[in-house]
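Asker: Taken in order, the sequence shown gives residues 1 to 119; the numbers are from full-length UniProt numbering. Have a look at this one.
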Amino acid sequence: MALALMRAIARDERTTLILNVRNQRTLSVLDTDAVIEVPCLVDANGAHPVTVDPLPDHATGLVCAVKAVEREVLAAADSGSRATAVKAFALHPLVDSVNVARRLVEGYTDVHPGLAYLR
């Protein structure tokens, strides 16, 4: 993917790639600084998100919920707070309880020593 992106920019070869970019106004349900993964038209001027149809209601809820999780994960990483890491997992739509969220954090910290800073 990175090579295709660099080639399109360096050679001014217009192509469409699915990239993580700043939202700007692509998804109206998210703030402009949110990072989103969407199809982008890429050329010598960079990556430009393709206009997409508004999300259906059920997708809007899921996108907003997952974005809230991502923000809590970043807050946990920044603060080193284990409680915030648990909150991030607990907010995820596929995690059904705070107890499961705690076990997930424990499991990740057990197998990833780099997460030992979470207190």
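Backbone N, C-alpha and C define an ideal beta-carbon position, used for all residues, glycine too. These numbers come from a predicted model, not from an experiment.
Cα separation between D33 and V69?
Answerer: Going from the Cα of D33 to the Cα of V69 covers about 16 Å.
Asker: Locate the alpha helix (DSSP H) running through H58, then write down its first and last residues.
Answerer: Where H58 is concerned, the enclosing alpha helix (DSSP H) stretches over 57-79.
Asker: For the pair the stretch 37-45 and the stretch 56-69, tell me if three or more CB-CB distances fall below 8 Å.
Answerer: No contact exists between the stretch 37-45 and the stretch 56-69.
Asker: What three-state label does DSSP hand T16 in the structure shown?
Answerer: Looking at T16 - three-state DSSP - the assignment turns out to be strand.
Asker: Relative to the alpha-carbon of V105, which residue among K87, D96, L94, P93 has its alpha-carbon at the smallest distance?
Answerer: For V105, the nearest C-alpha among the options comes from K87.
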